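When we follow our numbering, the leftmost residue of the sequence shown carries the number 14, and every step to the right adds one.
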Amino acid sequence: MKRIARTSSIVAALAAATFGFGASLAQAQTSIPLDRVYVIDARGEVVMSGAGLCWRTGFWTPAAAANDPAGCKCDKDLLPKEVCEPPMAKAATP
């Protein structure tokens, strides 16, 4: 009887270790840079509030927002016009 109990506990321990290892491998691995000034979700998208506002990190400044890829999407009104709107190409005259 002790042998069956010992074998059962060994099998249970191995199963728990296997499932735990498998679960750690199944977690999503993302490569989101740590210097982003907006909160980024697992898909790499900016986290938005219900009102459509972007969530900022504690490192947000207007200068940092101008360098962030999502700066124009989130804070276009706070950034210089040159940052968000590239200059128009001059029309060719015939």
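Virtual Cβ for every residue (Gly too), placed ideally from N, Cα, C. Predicted model, so just to flag it, every value in this text is computed and none were measured.
Neighbour-count burial assignment, residue i, 16 or more Cβ in a 10 Å radius
i      : result
Gly-84 : buried
Ile-53 : buried
Candidates the options, of which the one nearest residue i by Cα
i      : options                            : result
Leu-91 : Tyr-51, Asp-48 and Pro-75          : Pro-75
Asn-80 : Val-52, Val-60, Met-101 and Cys-97 : Cys-97
Pro-82 : Tyr-51, Ser-22, Val-60 and Pro-99  : Tyr-51
Check whether residue i and residue j have beta carbons under 8 Å apart
i      : j      : result
Ala-78 : Asp-88 : yes
Thr-70 : Arg-56 : no
Distance between residue j and residue i (C-alpha atoms, nearest Å)
i       : j       : result
Val-58  : Ala-105 : Here residue 58 is Glu; the residue named in the question, Val, does not match the sequence. Using only the alpha carbons, I get a separation of about 38 Å.
Pro-93  : Ser-62  : 24 Å
Lys-86  : Gly-65  : 11 Å
Trp-68  : Pro-99  : 25 Å
Trp-73  : Glu-95  : 20 Å
Thr-20  : Leu-47  : 47 Å
Met-101 : Val-60  : 31 Å
Ile-23  : Ile-17  : 10 Å
Cross-strand partners of residue i (DSSP beta bridge)
i      : result
Ile-53 : Val-59
Cys-67 : Met-61
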